[in-house]
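K.L.:
Have a look at this one.
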Amino acid sequence: MGAERRLSAGSFALAAVFLSTFWFAAPAAAGAPELLSDAQPVKARTRSIDTFRIGLADTTFGKLTFLGGLELIAADRKVGGLSGLISLDGGSAFLAVTDNGHWVSGRIVQTADGKPTEIEDLRFAPLLGADGKTLDARWGHDTEALTLSGSGLYVTAETRNAIYRYPWPISTGKERMIGEVALPQDIRDLPRNTGLEALAAGPEDGPLAGKLVAVAESAPSDLHDLSGFIIGPDGTERFTIRRYERFDATDAAFLPGGDMILVERRFSLRDLIGLRLRRFKGADIAAGAVLEGELLLEADFNSQIDNMEALGIHTNENGETILTLVSDNNRSILQRTLFLRFRLED
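Listed below in structure tokens is the structure:
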């Protein structure tokens, strides 16, 4: 009974979704844990990004203020392909996941207002299955998103349309997968290259507590909307998000007040490159809902963007909400890994 009482109600509910039966205490909230201490260090350098729109000095974009950014240039290509991110320790640390099954951690040197000035202590390690083998050994490594809840760390794998659970923190990089979330067949049957892409843990103080919210990357056609899923102990509920102008979902995260931010990306020869951020009221994310959301930001090749895929949200010591957007360079010399910071003026 002692272990059971240490679990929050939301953590206990979410733990019930898994195939295996186990107890897992909620992670400590204070301070940033040590990450990937036994992982491979990587030399890297950065280039500063001082303006968001190329050639223009404006910093205000609706409710968002651009704080600054960095282009990360790492010596090892395994650090490329960043697809999911969580911000830690007031934005001075991060844990990311790559689309070829690696953890990446680092420290962000930042100014008092949150502008990133350098990335240090960059490390990477392969994600391990429950048997200790790497995910790429079993073709389950197309990892696209991660989210942290009171019951652990959750990672999506697009090729398998699976959600993996890991312990928290990933202190050494050698931690093994604990299990998989039990998912219904319609999620498993999503297209392998446009399946589960965005993942966010429901806030512990709201109606989505103890649940995961997932969004499929794309839709069968331009006439279809994006599929959303609310995954909890009582099963999976479904909602949809209106899809416009061939934008696809790439990541999601909840704001401190309970609303959800969705990152959308457009990347093709026809449309070139695009970024969109939409905000959805947390109370509107429910079974059967058709969500439009509030447009926070839209950008194209005239702005400092690339293949934007990851979103981390944190609150700084002044109580301000900071968004960190990261791009997936697909480990290509033609693309960039960008860290962009915005403050939400709410």
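Residue numbering for the sequence shown is -25 to -1, 1 to 321, as defined by mature numbering (1 follows the signal peptide of the UniProt record, and there is no 0).
All residues carry an ideal CB built from backbone N, CA and C; glycine is no exception.
(1) Beta-carbon separation of Ala189 and Leu171 under 7 Å?
(2) Between Leu271 and Ala228, is the Cβ-Cβ spacing less than 7 Å?
(3) Under the three-state reduction of DSSP, which class applies to Asp111: helix, strand or coil?
(4) With a cut-off of 8 Å, do at least 3 Cβ pairs link the stretch 199 to 206 to the stretch 169 to 188?
(5) Identify which residue in His289, Gly76, Gly181, Leu45 has its Cα closest to the Cα of Phe99.
(6) From Ser80 to Asp88, what distance separates their C-alpha atoms?
(7) Give the single residue among Ile48, Pro231, Ile236 whose Cα lies nearest to the Cα of Ile216.
(8) Excluding sequence positions up to five away, which residues of its chain have a Cβ less than 7 Å from the Cβ of Ser62?
(9) Looking only at C-alpha atoms, which of Pro144, Gln310, Pro8, Glu273 sits nearest to Asp64?
(10) Take Arg254 as the anchor and find which of Ile280, Glu273, Thr92 has the nearest alpha-carbon.
(11) To the nearest angstrom, report how far apart Pro159 and Ala191 are at their CA atoms.
(12) For a test of the three-state rule: what should DSSP assign to Val265, helix, strand or coil?
(13) Starting from Arg253, trace the beta strand (DSSP E) both ways and give me its first and last residue.
(14) Helix, strand or coil, according to DSSP, for Val17 in the structure here?
(15) If you follow the alpha helix (DSSP H) that Asp161 is part of, which residue opens it and which one closes it?
(16) Straight-line CA distance for Thr21 to Ala105?
(17) Buried or exposed for Ser196, going by 16 or more other Cβ atoms inside 10 Å?
(18) I'd like to confirm the pairing. Which residues does DSSP put opposite Ser80 in its beta bridges?
(19) May I ask you to report which of helix, strand or coil DSSP gives Ala87?
(20) Pull up the CB-CB distance for Ser302 and Asp281, whole angstroms please, since I reckon it's below 8 Å.
(21) For a quick check, are the C-beta atoms of Glu284 and Thr225 less than 7 Å apart?
(22) With distances taken between CB atoms, is the gap from Phe27 to Gln310 smaller than 7 Å?
(23) Does the beta-carbon of Gly232 have 16 or more other beta-carbons within 10 angstroms, so that it is buried, or is it exposed?
(24) What three-state label does DSSP hand Asp64 in the structure shown?
(25) Once the 5 residues before and after Asn136 are set aside, which same chain residues still bring their CB inside 6 Å of it?
(26) Are there 16 or more other CB atoms within 10 angstroms of the CB of Ile308, so buried, or fewer, so exposed?
(27) If we ignore side chains and look at the alpha-carbon of each, how far apart do Trp143 and Val72 end up?
(28) Taking 7 Å as the threshold (C-beta atoms), are Asp51 and Asp117 in contact?
(29) What is the DSSP secondary structure of Asp259, counted as helix, strand or coil?
(30) When DSSP labels each residue in this structure, what does Arg52 get in the three-state scheme?
(31) Would Leu39 and Phe317 be called neighbours here (beta carbons separated by less than 7 Å)?
(32) Is Ala32 buried or exposed, if buried means 16 or more other CB atoms sit within 10 Å of its CB?
(33) Along the beta strand (DSSP E) that carries Gly37, what are the first and last residues, could you check?
P.N.:
Answer, in terms of the structure:
(1) Walking along the sequence shown from the start, residue 189 turns up at place 214. Walking along the sequence shown from the start, residue 171 turns up at place 196. Cβ atoms of Ala189 and Leu171: closer than 7 Å.
(2) Looking up residue 271 in the sequence shown gives position 296. Looking up residue 228 in the sequence shown gives position 253. No, they are not a contact pair.
(3) In the sequence shown, the residue the question calls residue 111 occupies position 136. Helix.
(4) yes
(5) Walking along the sequence shown from the start, residue 99 turns up at place 124. Here the closest residue by C-alpha is Gly76.
(6) Sequence index remark: in the sequence shown, residue 80 carries index 105 (1-based). Sequence index remark: in the sequence shown, residue 88 carries index 113 (1-based). For Ser80 and Asp88, the distance between alpha carbons rounds to 22 Å.
(7) Residue mapping note: residue 216 aligns to position 241 of the sequence shown, counting from 1. The residue with the shortest Cα to Cα distance from Ile216 is Ile236.
(8) Position 87 of the sequence shown, counting from 1, holds the residue named residue 62. Same-chain partners within the cutoff: Phe69, Gly287, Ile288, His289, Thr299.
(9) Taking the first residue of the sequence shown as 1, we reach residue 64 at position 89. Among Pro144, Gln310, Pro8, Glu273, the Cα nearest to that of Asp64 is on Pro8.
(10) Here the question's residue 254 lines up with position 279 in the sequence shown. Considering only alpha carbons, the answer is Glu273.
(11) Stepping through the sequence shown from its first residue, residue 159 is reached at position 184. Stepping through the sequence shown from its first residue, residue 191 is reached at position 216. Whole-angstrom Cα-Cα distance: 14 Å.
(12) Taking the first residue of the sequence shown as position 1, residue 265 is located at position 290. In this structure, Val265 counts as strand in the three-state DSSP scheme.
(13) On the sequence shown, residue 253 is found 278 positions in, with the first residue counted as 1. Its beta strand (DSSP E) spans residues 247 to 255.
(14) By 1-based counting over the sequence shown, the position of residue 17 is 42. Reduced to three states, the DSSP call for Val17 is coil.
(15) Mapped onto the sequence shown, residue 161 falls at position 186. Residues 160 to 163.
(16) Your numbering for residue 21 matches position 46 in the sequence shown. Your numbering for residue 105 matches position 130 in the sequence shown. Between Thr21 and Ala105, the C-alpha separation is close to 35 Å.
(17) Counting from one through the sequence shown, the residue named residue 196 turns up at place 221. So Ser196 counts as exposed.
(18) Translated into positions along the sequence shown, residue 80 becomes position 105. Ser80 is bridged to Leu70, Arg98.
(19) One-based indexing of the sequence shown puts residue 87 at position 112. Here Ala87 sits in coil by DSSP.
(20) Counting from one through the sequence shown, the residue named residue 302 turns up at place 327. Counting from one through the sequence shown, the residue named residue 281 turns up at place 306. Sure, about 4 Å apart at Cβ, within 8 Å.
(21) Here residue 284 is taken as the residue at index 309 of the sequence shown, counted from 1. Here residue 225 is taken as the residue at index 250 of the sequence shown, counted from 1. Yes.
(22) Against the sequence shown, residue 27 aligns to sequence position 52. Against the sequence shown, residue 310 aligns to sequence position 335. Contact flag unset, no.
(23) To locate residue 232, count along the sequence shown from 1; it is residue 257. It counts as exposed.
(24) Walking along the sequence shown from the start, residue 64 turns up at place 89. Correct three-state label for Asp64: helix.
(25) Here residue 136 is taken as the residue at index 161 of the sequence shown, counted from 1. Once the five neighbours on either side are set aside, the close Cβ partners of Asn136 are Ile162, Arg163, Leu165, Gly170, Leu171.
(26) Sequence index remark: in the sequence shown, residue 308 carries index 333 (1-based). Exposed, by the Cβ-count rule.
(27) Within the sequence shown, the letter at position 168 stands for residue 143. Within the sequence shown, the letter at position 97 stands for residue 72. Each residue's Cα considered, the two are about 14 Å apart.
(28) To locate residue 117, count along the sequence shown from 1; it is residue 142. To locate residue 51, count along the sequence shown from 1; it is residue 76. No, Cβ-Cβ distance for Asp117 and Asp51 is not below 7 Å.
(29) Looking up residue 259 in the sequence shown gives position 284. DSSP places Asp259 in helix when its eight states are reduced to three.
(30) Sequence index remark: in the sequence shown, residue 52 carries index 77 (1-based). Looking at Arg52 - three-state DSSP - the assignment turns out to be helix.
(31) Numbered from its first residue, the sequence shown carries residue 39 at position 64. Numbered from its first residue, the sequence shown carries residue 317 at position 342. Cβ atoms of Leu39 and Phe317: closer than 7 Å.
(32) Along the sequence shown, one-based indexing puts residue 32 at 57. The residue is exposed, with fewer than 16 neighbouring Cβ atoms inside 10 Å.
(33) If you number the sequence shown from 1, residue 37 lands on position 62. Unbroken run through Gly37: none, as it is neither H nor E.
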